[in-house]
Amino acid sequence: MKKILSGEILRFFQRYERPIILIMKRSLFLCFILFFNFTAFAFSQKVTLNLGEVTIYEALKEIRKLTDTDFFYSDEELDVNQVVRVHFDNVDLVEAVSSLVGHNFRVEEQGDRLFLIVPSEDREAQDFIVKGMVTDENGTPLPGVTVIIMKERRGTTTDFDGKYEIRASAGTVFSFSYVGYVTREVTVEGTRLDVQLQPDVSELDEVVVTGIVERKKETFTGAVRSISGEELKAVGNRNVIESIKTLDPSFIVMENNIQGANPNVLPTIEIRGQTSVSTDGLRDEYGADPNSPLFILDGFETDLQSIVDLNMNRVASITILKDAASTALYGSKAANGVVVVETKQPKPGRVNITYTGDFSVDIPDLSDYNLMNAAEKLEFERLAGRYTYGGGYNPNTQVWLDSLYNAKLEEVRRGVDTYWLNEPTRTGITQTHSVRADGGNEEIRFGVDINYRKQEGVMKGSARETWGGNIDLTYRKGKLNISNRLYVNGSEADESPYGAFADFARASPYYRKRNEFGEAPKYLEEEAWIEGWRTYKVTNPLYRATVANTDNNKGFNLRNNLNAIWTIDESLRLQGGIQLRKGTTEHQIFAAPENAEFDDVSYLEKGRYTNTRGNTFSYMANAMLIWHKVLNEKHTVNLNLRADIEEQNSKGESYTAVGFPMGSNGNPNFSISYEPDAKPYYYSNIYRRNNILGSVNYSYADKYFLDANYRLDGSTAFGSNKQYEPFWAIGLGWNLHKEIQMDKSIVNILRLRQTLGYTGNQNMGSVASTSVYSYGSVNNYFGNAIRIGTLGNPDLEWQKTFDTNFGLDIAMFENRLDGQINLFTKKTKPLVVPVNLASSTGLVAYPLNVGELRVNGIEAILNFRPVYDLEKQVIWRVGITALIQDMEYRDVGNALRNLDEDALESGSLRRFRDGANPDDIWAVPSLGIDPATGREVFLKKNGKTTFDHNYEDEVIVGNTRPDVEGVISTSFTYKGFNLGINMRYRVGGQLFNGALYNKVENIGQQEITWNQDRRALYDRWQQPGDQARFKGISISRNTPISSRFVQDNNNIVGESFNLGYNVYNKPWLETLGIESLRLTAYMNDIFRISSVRVERGIDYPFARTVSFSINASF
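Quick note: the sequence shown uses the working numbering, first residue 441, plus one each step.
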């Protein structure tokens, strides 16, 4: 007995490598036998137990309590999470346990109430190869179906023809699962097992996720767009925002021509136009863009930066809410639309591990720069008179100018033709890694995500590094469902030490970058021009990168979401949630004292260090009662009653130190003092909001349906006398395809929707209604004075938007053709606008309610599938999206005159006037260059012509918004291959060409030292009779803004190209332990064809991106 038992223990240890604690217990048991000579005895104990359906683990746990026995097993072999039915009535203990674990395991009595559960020795001998095919309800093979052996946690996937093969034994239970189909569990009886899957009705009845309630799409009146995580990744792997803009026409990312592809600059986003006058006068440190949509992440509000940094592989779906019926659920925050992001939920079953790696190469796009070469630049300067003394006859000065010209000419003849644009730029590499593990059973589930991303910008030294992790836990027991999500993420961003890209675009090509020692000198030329006693110096843009300039920004966020659902009965449910969020930021900027900008200042102020720190803490809590009932099988009613409270507390401080020694690294301890006439800055803001919401959705026989929402909002962002405001919306819909008898082979869906209602906008600081005081910096006999920094308006009304939408949804020819059209209007009244008070008050940006802003538009999405053969697994789709919209100010009168004056002074072409569009371009009309004189001819408002420019003659000469824009797309799928092409088109609209205005004309004495657009040399008027677009070459003439620099802007952009391949059921995958594998290659913004030649990416270039993604599940 001892020998047999010792041998069994040895074999058990060698085969299963049990945990240390198990080895210790077994060793103690063996010693017990050796020293006391006890003989194991067989139990004849009986078991009576009725648990219903529970896991094997729970059953063994109850048997252990009941019989006072221990069970040892390998959890790598025995799936203790498998659900079994337990009903024993006076059954022998061994027989009971054997029935739980199945015939592939045997139960051995080891004495002293100890049992071993080990695999049957003949199990492998009983195994055989099982082959089969998985098809849909029409008999079409399904590739990529997951086939799992329930007890053993191993499996495979079907290949392109729906076929699979796997080793198993008789009686084994297989699980077949596929997205959109009901999971089937089938018992193996032979070597052949074919399975047919049926569509999941719950999947076909698509649900609209609003972030607050869920609505059946078929009976929802709102204008929404739902996008799956797979659709996002099919377009690109850069970030969520870049993919959404390709997939939805109303989601517009405004092109930032100054910052280009800077990874540290947030995009400007609009959904269906604007609802506010965008100005810094209504924003404090934490006020958002007043025209940006609201973002919801897993049921709670979040900011744009969190969405941009969000790991795309975590996203399950995105829903864009556009009209009042869908956005009124968010009341005073939803006038700009709502973007609802849902991340992946943990799935029950065996632990599944997924790794995704994304790799990108960003190449700077400099194709739009049309700069002179060295010979052209020198000739341009000569023609402009730079080397001709104009102050009277002075032989010495002219001799010096001649020598200056000849020295440059010699350099040009030596072949010096420096290309400066490549110096601050590089090919940026981006890498993203994410790992997800999830699993559990129907009662407890878990999910863990870890991700890391490092993005190198195309400017040297610029980068953004983000990392994050989250833990999801879900507990479901009976009528209670509790879930908790903990998020942790951080970021670090660096700007390029090379400074602005514009400095390199200005550098003249006849200068050498470095001297004979290989060093970048501070100045390219120390005496570039002499006029009287003044000397002009030409700075070397490369020098800035050789000293200790830094611009670093760090952030950290911690967020926890807790949600609970109590299902009171089949019709009534109570749910609630609370979010706690903590964030910190630190921004450090150091400008080294060696920089040219400090040349003419005292050593006490050379160098500058700025440190800004911010801390935020917020909580949000909600509770909602949900009632759902189907009456008489025709009347479906959903009622919701919800209440929310919210508080955001933000604090921050900032200071600037100056006076650093040469060679300093930016340590503020080395500074001499604060900035002159300045002091440290501190702020503290608290926003509080609450609301109550009532919502109802009703449908009759799924033919007629209605949505109604009413929300009462309270906020500290508006006047203390106007702290509460109601918002409401109502929508009606009609499913004509269920009302009228139609041929199903022709018309599948024909739905009409009409909605209207009010929403609001709170994307502004709370100081808009509250007076803010500050202490003066001067102390007098009576002490420190207190002054009003911001004068609040206690009667400030809420900014409300009246929204209407008429929609048509259609699907035809067995869903081969589908589309959606929405006609919408938005009227925001009153606007909240900062208005300057009389100069005697000393106050500016006083918030007032002024006028209204109207938006009218139409958006359309259309898809057609010329080829749709599921049997051969060939699908070809073509699609087009389109957006047309127009905006107009009304009833603003002269209230915004101060904004007009500010725009005029800053050189902006925007104006704020009745009947005008926020995107209008205002300038004096130009009739071109007079061939006889070379002077510009202007058109006055009275119709007369003149050579004299007068801003009083300004009119609308263009509009930056295109007449129509959208995306033309096509995708092709063949078995495991996927090809997608998305090209953005823009027709109509104009732009003001700054390259023509600043680099062809308006070239003064300082600008003549910079490089210019080649058109400044070749397209200028030279002599009487010339038909030219631009004035004659000169360094003294100033050209005012006119319509001559406004051009039509039509373009086509290669926004997204992708090619993917799914690898199924390959032997080498099983060898590597990989369940599924997908490989994808992308190209984004790879080309651009435009009707206008303009410099793009002034301070930071744009980029072309090539990417690769690998996704593997284990």
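We put the beta carbon where it would ideally sit given N, CA and C, even for glycine.
Item                                                                                                                                                            : Value
Going straight from the alpha carbon of Ile557 to that of Thr509, what length do you get?                                                                       : 13 Å
Just to confirm before moving on: does the CB-CB distance between Ser874 and Asn753 stay below 8 Å?                                                             : yes
Assign Val523 to one of two classes, buried (16 or more other C-beta atoms within 10 Å of its C-beta) or exposed (fewer than that).                             : exposed
Once DSSP output is grouped into helix, strand and coil, what is the label at His1177?                                                                          : helix
Please identify the residue among Glu966, Arg916, Phe941 and Asn997 whose C-alpha is closest to the C-alpha of Thr906.                                          : Asn997
Tell me, which residues are paired with Ser690 by DSSP?                                                                                                         : Answer is none; Ser690 lacks a bridge partner.
Where DSSP assigns a beta bridge to Val1404, which residues make up the other side?                                                                             : Val1427
Among Ile1029, Leu1367 and Gln871, which residue has its Cα nearest to the Cα of Asp934?                                                                        : Ile1029
Apply the 10 Å Cβ neighbour rule to Met812 and answer buried if 16 or more other Cβ atoms are within range, or exposed otherwise.                               : buried
Does the count of Cβ pairs from the region 1317–1333 and the region 1388–1407 closer than 8 Å reach three?                                                      : yes
In whole angstroms, give me the CA-to-CA distance for Gly1297 and Val978.                                                                                       : 50 Å
Which same chain residues, not among the five before or five after Pro1306, have their C-beta less than 6 Å away from its C-beta?                               : Trp1316
Alpha carbon to alpha carbon, how far is Pro1480 from Glu1441? Give it in angstroms, no decimals.                                                               : 10 Å
Return the CA-CA distance between Gly1500 and Asn1551, expressed in angstroms with no decimal places.                                                           : 11 Å
Tell me where the beta strand (DSSP E) around Thr575 begins and ends.                                                                                           : Phe568 to Thr575
To the nearest angstrom, how far is it from the Cα of Ile736 to the Cα of Val649?                                                                               : 11 Å
What is the residue span of the alpha helix (DSSP H) that Phe944 lies within?                                                                                   : Phe941 to Arg946
Where does the unbroken beta strand (DSSP E) through Gly789 begin, and where does it stop?                                                                      : Gly789 to Asp805
Tell me whether Gln1239 sits in a helix, a strand or coil according to DSSP, three-state version.                                                               : coil
Cβ of Thr1268 within 7 Å of any heavy atom in the ligand NAD?                                                                                                   : With respect to small molecules bound, the structure shown includes none, and the ligand NAD cannot be examined in it.
Buried or exposed: where does Leu1044 fall if 16 or more other Cβ atoms within 10 Å of its Cβ makes it buried?                                                  : exposed
Give me the Cα-Cα distance between Ile652 and Asn1062, rounded to the nearest whole angstrom.                                                                   : 10 Å
With DSSP as the reference, label Trp1450 as helix, strand or coil.                                                                                             : coil
Helix or strand or just coil, what does DSSP make of Asn1338?                                                                                                   : helix
Could you work out which residue in Tyr1123, Gly1472 and Ile681 is closest to Leu706 when comparing CA atoms only?                                              : Ile681
Mind listing, in chain order, the continuous beta strand (DSSP E) runs of no fewer than 3 residues lying wholly within the region 646–687?                      : 647–649, 654–656 and 664–668
I'd like to know if the region 777–792 and the region 1533–1547 are in contact, where contact means that at least 3 CB-CB pairs between them fall below 8 Å.    : no
Mind checking who Asp934 pairs with in its DSSP beta bridge?                                                                                                    : Ala903 and Asn992
Work out the CA separation of Val1187 and Glu1254 for me, nearest whole Å.                                                                                      : 7 Å
Along the chain, where does the alpha helix (DSSP H) containing Ile1555 start, and where does it finish?                                                        : As displayed, the chain neither begins before 441 nor continues past 1554, which places residue 1555 out of reach and without an answer.
Hey, how far is the Cα of Lys1384 from the Cα of Tyr1391?                                                                                                       : 15 Å
Relative to the alpha-carbon of Ile1085, which residue among Gly1016, Asp857, Ile758 and Asn702 has its alpha-carbon at the smallest distance?                  : Gly1016
What residue from Asp878, Ala775 and Glu658 has the CA that sits closest to Thr1268's CA?                                                                       : Ala775
Measuring CA to CA, which of Asn910, Pro804, Asp943 and Arg1401 is closest to Val888?                                                                           : Asn910
Since I believe Lys962 is in contact with Thr858 (beta carbons under 8 Å), could you give me their beta-carbon distance rounded to a whole number of angstroms? : Between Lys962 and Thr858 the Cβ distance is about 17 Å, and since that is not below 8 Å, they are no contact.
Reducing DSSP to helix, strand and coil, say where Pro1306 ends up.                                                                                             : strand
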